[in-house]
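Below is one structure, written out as structure tokens; comments come after it.
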Amino acid sequence: MKKLFSLITVLTFTLFIGSAFAQTGADLKNKTPEQRAQFQTEMMTTKLELNPDQTSKVQAINLKYAQKMDPIIKSDAGRFSKFKQAKALLKEKDTELKGVFTADQFKQYQDFEAEMRDKMKEKKEAKQ
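For the sequence shown, my numbering gives the first residue as 9, with consecutive numbering after it.
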């Protein structure tokens with residue numbers, strides 16, 4: 009069960025990387041893919057100090073995957089099913105982002121993901 013919780017936490021974070029604000033499932037369903045992609049791009053641009061060329065490429069990648077993720081987010085499927093579908097998409101997205109980022113930026117991106125996973129885990133444990 010802990011492993012499933014960890015996987016769901018990773019999924020939730022990765023879906024909305026850069027989200028410094030807690031968003032409920034309802035909030036996410038009400039956001040358009042364009043809004044989610046724009047928010048992610050702004051956060052990545054700031055956190056990773058992307059240059060204009062990188063920002064443009066990252067925006068396109070974020071939009072592509074936000075559009076692919078939209079049916080999953082809005083689906084009535086179970087959490088595990090959603091997780092499985094999203095995990096495959098996120099792996100593809102990370103591969104594309106790795107091609108845009110420098111090695112240092114990609115490491116920062118991974119470190120930021122890990123930091124956010126830890127924060128989400130702490131927040132979840134505090135609620136229990």
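We put the CB at the ideal spot given by N, CA and C, even for glycine.
Rounded C-alpha distance that separates residue i from residue j
i	j	result
ALA68	SER89	26 Å
PHE109	LYS39	26 Å
TYR117	ALA111	10 Å
LYS82	LYS99	20 Å
SER64	LYS95	24 Å
LYS127	PRO41	25 Å
ALA85	LYS76	15 Å
ARG44	VAL66	13 Å
PHE114	PHE120	10 Å
LEU71	ASP102	13 Å
LEU105	THR54	15 Å
THR49	PRO60	11 Å
GLU133	ARG125	12 Å
GLU123	LYS131	12 Å
Residue i vs residue j beta-carbon contact at 8 Å
i	j	result
GLN62	ILE80	no
TYR73	LEU97	yes
LEU58	MET52	yes
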